[in-house]
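First to last, the sequence lines map onto chains A and B. First residue of the first sequence: 28, per my numbering; consecutive thereafter. First residue of the second sequence: 15, per my numbering; consecutive thereafter.
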Amino acid sequence: MNLLAIETATEACSVALVHGDDVIARSELAPRRHAELVLPMADALLAEAGISRHALDAIAVGRGPGAFTGVRLGISLAQGMALALDLPVITVSSLAALALEAPWTESDELGQGDEAAVLAVIDARMGEIYAASYRRSGAGELLALDAERVTAAETLQLSAASGWHVVGSGWATYAEPIQARLTGPLRSADGARYPQARHVAVLAAAEFRAGHVLAPELALPVYLRDKVALTLVEQGRA
Amino acid sequence: MGIETSCDETGVALLRWEPAQPGRGLLAHALYSQIRLHAEYGGVVPELASRDHVRKLLPLVRQALAEAGLTPQDLGGVAYTAGPGLVGALLVGAAAGRAMAWALGVPAIGVHHMEGHLLAPLLEEDPPRPPFVALLVSGGHSLLVEVKGIGEYRILGDTLDDAAGEAFDKTAKLMGLPYPGGPELARLAGQGRPGMFRFPRPMTDRPGLDFSFSGLKTQVLLAWQKSDRSEQTRADIARAFEEAIVDTLLIKCRRALQATGAKRLVIAGGVGANRRLRAELAAAGEQDGFRTYFPRPAFCTDNGAMIALAGAIRLAAGQQQGESVDVHPRWDLSGLPPAPQALAGQE
């Protein structure tokens, strides 16, 4: 299987290629340069693997949540590529991809008795974070513990866990209020981690094998923050 | 393929390049207008516009391909509006278009939205050849441009405040018409009686080709507040307002033609669909000896066909966009590169 993955929802811009058993990737922390980097990165990966774009079987994309414009850039690129090459698209949660950035040890594995959960948090601006938590059932496999949401760190609700790994830019901005909401000891925290295409690719490959794919026009962003303007009626009330 | 997503219309068109008669190569065009989405908010909400483009663009691409009986593999190039416009909205069409071209291994080109508008009359039978003067009037622009050739544009006049279409919409709102009221105001004007009101023709009492339409709003508001506010009065005011705008545009067009010595006038942009404007300019042309060229009304407002056309012209001239997805929310029309001999028979 050959699968190209794009992740542009946050400050990191990355592209990955699943080629047989290998995953190769390019990633750059380059705010505001995503639009110029993605296609050259894709070219470089295809050249490195020695395959043409016509050998691709699917396009995967981190569908957010994250920066609205970044999420749309990735989705629009993936839609355009997939339509032109007549390929299916697999959309992957950018929070799930981020969760795979957390350090992982044997004892964290589900069923080991002392498994720590992962909290993925992306700074959503306006005093809020995008958040979701997961358990891992093995390297690269995730079990969602709750629904993705946009929330104030101070009111974050988490399920019980024997420990927590926290990853993502939400930690960089709201470490204190997030820590106050944890339901178990903090095992590790890293606010300088971002969703990466390499993990989008791994999660998408599993979905592809399971037949969970979309037509390109149905590959759509997930913003979580859906109230972005006041209607005339609401303006009148305000 | 041409893709337009600069504001609140999603447009896709397919054009087979026929330099002598570009309109005959138009194979399909599909359009989705977001007007109803934004009406609830009283104006275009940029973030909602971007979100809607993402939902609508690919279905429109499929629709246009089906209409033309083509597959993506038949495409020889992809053009998309790269600016000016709403940055988030532009990015949707640019990213999808650039990625399609990348996937197909064909050239891509980012098109200047206003170049699309001013070349739109080339899609009609008997297309105008440069040199000509173009009046670009829409919700976002009021420009007079001297067109010496493709890409050789000199801005003769611009608006200092509101665009002509914006003046229509804002004036309609003052008289209680729902957003976007401009087209409704123009419809009402058709029922208005002549001579009941008269508004000034801004900036026509001094030399120059710039426009200013924001003062007219205040005049209308005063007249409306002092009136009986009946339906007929609203129509009478609408008529006087429309006459003031059309008259102002006409005076400036005449000046521009005199200043440049051009014998052809191209009218484009959403306000170019206005009936009174079309009739008055055509009559003035007969009187003064210049020819007027209008796109069909569907190609006055934003559309993919004009982007496909402008893109095809630039691709034919050997220009193309690299792999970077570039958009320019602000973009100077007069800074575009020339594309000489891009049109057969250009004088």
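Where a beta carbon is used, it is the ideal one built from N, C-alpha and C, also for glycine.
Does any C-beta atom of chain B lie closer than 8 Å to the C-beta of residue i?
i, result
"Ile117 of chain A", "no"
"Gly238 of chain A", "no"
"Pro248 of chain A", "yes"
"Glu38 of chain A", "no"
"Phe235 of chain A", "no"
"Glu75 of chain A", "no"
"Leu146 of chain A", "no"
"Ala216 of chain A", "no"
"Leu259 of chain A", "yes"
"Glu63 of chain A", "yes"
Measure the Cβ-Cβ separation of residue i and residue j and say whether it is below 8 Å.
i, j, result
"Gly16 of chain B", "Ala322 of chain B", "yes"
"Val260 of chain A", "Trp198 of chain A", "no"
"Ala126 of chain A", "Leu169 of chain A", "yes"
"Ser226 of chain B", "Leu174 of chain B", "yes"
"Leu29 of chain B", "Gly39 of chain B", "yes"
"Ala99 of chain B", "Tyr193 of chain B", "According to the sequence displayed, residue 99 of chain B carries Gly and not Ala. Their beta carbons are not under 8 Å apart, which means Gly99 of chain B does not touch Tyr193 of chain B by this criterion."
"Ala224 of chain A", "Ala52 of chain A", "yes"
"Gly107 of chain B", "Glu18 of chain B", "yes"
"Ala69 of chain A", "His46 of chain A", "no"
"Gly171 of chain B", "Val151 of chain B", "no"
From residue i to residue j, what does the alpha carbon distance come to, in whole angstroms?
i, j, result
"Glu32 of chain B", "Ile327 of chain B", "10 Å"
"Ile265 of chain B", "Pro216 of chain B", "11 Å"
"Gly325 of chain B", "Ala331 of chain B", "10 Å"
"Arg162 of chain A", "Ala109 of chain B", "35 Å"
"Glu361 of chain B", "Pro73 of chain B", "Residue placement at Glu361 of chain B is flagged as unreliable, the pLDDT there being 41, under the threshold of 50; a coordinate-derived value is accordingly withheld."
"Ala94 of chain A", "Gly190 of chain A", "29 Å"
"Gly359 of chain B", "Glu139 of chain B", "Note on Gly359 of chain B: pLDDT 49, under 50, position unreliable in the model; the coordinate value appears next. Cα to Cα, the separation comes out at about 15 Å."
"Val125 of chain B", "Gly196 of chain B", "27 Å"
"Ala78 of chain B", "Val26 of chain B", "7 Å"
"Gly89 of chain A", "Leu122 of chain A", "9 Å"
"Phe182 of chain B", "Leu199 of chain B", "7 Å"
"Ala287 of chain B", "Cys314 of chain B", "6 Å"
"Val159 of chain B", "Ala87 of chain A", "45 Å"
"Ala319 of chain B", "Met153 of chain A", "40 Å"
"Thr338 of chain B", "Ala143 of chain A", "As written in the sequence, residue 338 of chain B is Ser, which differs from the Thr given in the question. Cα-Cα distance, rounded: 42 Å."
"Leu230 of chain B", "Ala258 of chain B", "9 Å"
"Leu62 of chain B", "His43 of chain B", "23 Å"
"Arg207 of chain B", "Arg243 of chain B", "15 Å"
"Pro67 of chain A", "Leu291 of chain B", "48 Å"
"Arg80 of chain A", "Leu73 of chain A", "7 Å"
"His192 of chain A", "His226 of chain A", "17 Å"
"Thr306 of chain B", "Glu81 of chain B", "31 Å"
"Leu104 of chain B", "Leu104 of chain A", "13 Å"
Starting from residue i, find everything on chain A with Cβ-Cβ shorter than 7 Å and list it in chain order.
i, result
"Val147 of chain B", "Per Cβ cutoff of 7 Å: no residues; Val147 of chain B is ~36 Å from chain A at best."
"Val75 of chain B", "Leu110"
Cβ of residue i less than 8 Å from any chain A Cβ?
i, result
"Ser64 of chain B", "yes"
"Glu257 of chain B", "no"
"Ala27 of chain B", "no"
"Arg69 of chain B", "yes"
"Gln360 of chain B", "In this predicted model, Gln360 of chain B has a pLDDT of only 46, less than 50, meaning its place in the structure is not dependable; the value taken from the coordinates is given anyway. No, because no Cβ of chain A sits closer than 8 Å to the Cβ of Gln360 of chain B."
"Glu54 of chain B", "yes"
"Ser338 of chain B", "yes"
"Pro351 of chain B", "no"
"Pro86 of chain B", "yes"
"Gln334 of chain B", "no"
Along chain A, which residues have their Cβ under 8 Å away from the Cβ of residue i?
i, result
"Ala113 of chain B", "Leu66, Ser103, Leu104, Ala105, Gln106, Gly107, Met108, Ala111"
"Glu61 of chain B", "Phe95, Val255, Ala256"
Determine the chain B residues that contact residue i at a beta-carbon separation under 7 Å, and present them in chain order.
i, result
"Pro243 of chain A", "Leu72"
"Thr96 of chain A", "Gly102, Leu105"
"Ala228 of chain A", "Under the 7 Å cutoff, chain B gives no residues; its nearest Cβ is about 17 Å from Ala228 of chain A."
Listing by chain order, which chain A residues have their CB less than 9 Å from the CB of residue i?
i, result
"Trp116 of chain B", "Leu66, Ala69, Asp70, Arg80, Leu104, Gly107, Met108, Ala111"
Can you pull the chain B neighbours of residue i, defined as C-beta to C-beta under 9 Å?
i, result
"Arg99 of chain A", "Ser64, Arg65, His67, Val68, Gly102, Leu105, Val106, Ala109"
| query | When the Cβ atoms of the segment 235-252 of chain A are set against those of the segment 107-119 of chain A, are three or more pairs found closer than 8 Å? | reply | yes
| Three CB pairs or more closer than 8 Å across the segment 235-250 of chain B and the segment 269-282 of chain B | no
| query | Should the segment 96-115 of chain A be called in touch with the segment 111-121 of chain B, which here means at least 3 C-beta pairs below 8 Å? | reply | yes
| message | Under 8 Å: do the segment 136-144 of chain B and the segment 158-166 of chain B share three or more Cβ pairs, one atom per stretch? | response | yes
| request: Flag this pair as touching only if the segment 53-69 of chain A and the segment 199-214 of chain A have three or more C-beta atom pairs under 8 Å; answer yes or no. | output: no
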